[in-house]
Amino acid sequence: MSGWPPATLETGDRGVEHEAFHLVAAGVCRYLDELAARANGERGPLAPEVVRLVAAWRALLRRHARGADGRCAGCGHRRWWLPPAHRNGELCTVWQVAVGYFLRRVPRR
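Here the sequence shown stands for residues 38 to 146, where the numbers follow this note's numbering.
Below you can see the structure in the form of structure tokens.
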């Protein structure tokens, strides 16, 4: 549906980190697609707002997609002074929040 996941998720190293990120991104995208589909089927006053929030999250996640070097394109290069071999490809904080709320489903209070 939304041109998602971004094409940049397909580039770069095909190592374990790349594959793991691709699986995480696909899971988050699937959740957002399902949420948007449910909201589009609703007639309540919040449905358009849900669609709007989903679109905003997609835009934010596209901005923070991994670049060809395997690191977040939106956050810049943390630890830029280290040689590339010593920079890890961990998820940026935007993706950490997306995983926490959309995949792990934070318990309701």
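Quick reminder that beta carbons are idealized off the backbone N, C-alpha and C, glycines included.
Drop a sphere of 10 angstroms on the beta-carbon of residue i, count the other beta-carbons inside from all chains shown, and report buried for 16 or more, exposed for fewer.
i, result
"A73", "buried"
"V53", "exposed"
"L69", "buried"
"L98", "buried"
"R103", "buried"
"C66", "buried"
"A92", "exposed"
Quick one: residues in its chain with C-beta nearer than 7 Å to the C-beta of residue i, no 5 flanking neighbours on either side, listed in chain order?
i, result
"V87", "L72 and A76"
Note down, in chain order, each residue of its chain lying with its Cβ closer than 8 Å to the Cβ of residue i, except the 5 sequence neighbours on either side.
i, result
"L140", "V61, G64, V65 and Y68"
Below 6 Å CB to CB, which residues in the same chain sit around residue i once its five sequence neighbours on both sides are set aside?
i, result
"G111", "R100 and H101"
Report task. Run through the region 83-114 for me and flag every whole alpha helix (DSSP H) of 4 or more residues, listed as ranges in chain order. Result -> 84-100
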